[in-house]
Amino acid sequence: MPVIKAVAFDIGGVLEIVDDAAWPVEWQRHWADTFGIDESAWHHSMARFDHSGLSVGTLTDSDWKRTYQLGLGLTAEQVELMVADLWDRYCGRLNTELMSYARSLRPKYRLGIISNSGDGARREEERRYHFSVVFDPIIYSHEVGLAKPDPRIWALACQRIGVAPAELVFIDDGAEACDSARAFGINAVHHRSTTQSIAALTSLLE
Numbered sequence: 001m002p003v004i005k006a007v008a009f010d011i012g013g014v015l016e017i018v019d020d021a022a023w024p025v026e027w028q029r030h031w032a033d034t035f036g037i038d039e040s041a042w043h044h045s046m047a048r049f050d051h052s053g054l055s056v057g058t059l060t061d062s063d064w065k066r067t068y069q070l071g072l073g074l075t076a077e078q079v080e081l082m083v084a085d086l087w088d089r090y091c092g093r094l095n096t097e098l099m100s101y102a103r104s105l106r107p108k109y110r111l112g113i114i115s116n117s118g119d120g121a122r123r124e125e126e127r128r129y130h131f132s133v134v135f136d137p138i139i140y141s142h143e144v145g146l147a148k149p150d151p152r153i154w155a156l157a158c159q160r161i162g163v164a165p166a167e168l169v170f171i172d173d174g175a176e177a178c179d180s181a182r183a184f185g186i187n188a189v190h191h192r193s194t195t196q197s198i199a200a201l202t203s204l205l206e
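Residue 1 is where the sequence shown starts when you use my numbering, and the numbers rise one by one after that.
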């Protein structure tokens with residue numbers, strides 16, 4: 001069996017903890033109420049904008065903000081307030097236990113990140129959590145134009161980390177991403193809890 005040389009982590013739901021999975025709905029409800037916009041009108045106004053390219057980099061942070069300004073008739077200042085709150089909710093809080101465990105794996109193992117994301121994620125997450133101090137490379141889907149579970153992102157990750165698929169362990173809270181990684185030959189841990197993931201990683205690394 002090949003020796004494990006590297007460990008890669010997802011961010012949202014793994015390295016970051018969001019206590020309320022329904023935060024996008026609560027975020028929209030809060031700001032609709034703040035700006036006096038009926039929720040059905042919000043949905044109707046924004047439905048004409050395609051945000052599907054956010055995770056693969058065809059829609060920038062500025063583009064996305066502009067759709068909210070145009071769609072909802074907001075000022076630039078109002079959009080900035082709304083988006084700042086969105087990033088706070090999106091980034092949640094750091095999984096300090098898992099981060100501590102990850103740090104303990106250095107320098108024996110190479111550590112990386114593979115995350116589906118949108119423009120602005122690197123800026124916001126680095127400002128809060130300084131992931132680049134621990135992880136290299138950090139692969140954001142919007143920067144490379146590939147999103148999990150596209151198998152091409154695994155090929156890119158192995159190339160950038162410098163390992164064969166069987167030499168890499170990847171931890172993600174998404175079953176589809178884990179299945180795709182396994183099909184590519186990567187050892188995948190489906191993250192359900194920090195305790196479970198640390199135990200699974202420890203077993204694999206032993």
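Ideal Cβ placement from N, Cα and C applies to all residues, glycine included. Since we're looking at a predicted model, the values are computed, not measured.
### Query
Can you give, in chain order, each stretch of the alpha helix (DSSP H) that sits fully within the stretch 61 to 135 and has at least 4 residues?
Qualifying alpha helix (DSSP H) stretches, in chain order: 61 to 72, 76 to 91, 96 to 104 and 121 to 129.
### Beta-bridge partners of Ala188, as assigned by DSSP
Phe170.
### Counted within 10 angstroms of its Cβ, other Cβ atoms place Leu59 as buried (16 or more) or exposed
Within 10 angstroms of the beta-carbon of Leu59 lie 16 or more other beta-carbons, which makes it buried.
### Task
Could you say if the stretch 114 to 134 and the stretch 48 to 67 meet the contact criterion of at least three C-beta pairs nearer than 8 Å?
These segments touch.
### Task
Look up Glu16 in the DSSP assignment and say whether it is helix, strand or coil.
Strand at Glu16.
### Task
Give me the Cβ distance between Asp179 and Asp10, rounded to the nearest whole Å; I'm assuming they're in contact under 8 Å.
Asp179 to Asp10, Cβ: 14 Å. No contact.
### Close Cβ partners of Leu204 (< 8 Å) along its chain, the five nearest in sequence each way excluded
Ile4, Val169, Asn187 and Val189, listed in sequence order.
### Query
Can you give the Cα-Cα distance for Arg38 and Ser115, rounded to whole angstroms?
Note that residue 38 is Asp in the sequence shown, not Arg. When rounded, the separation of the alpha-carbon atoms in Asp38 and Ser115 is 33 Å.
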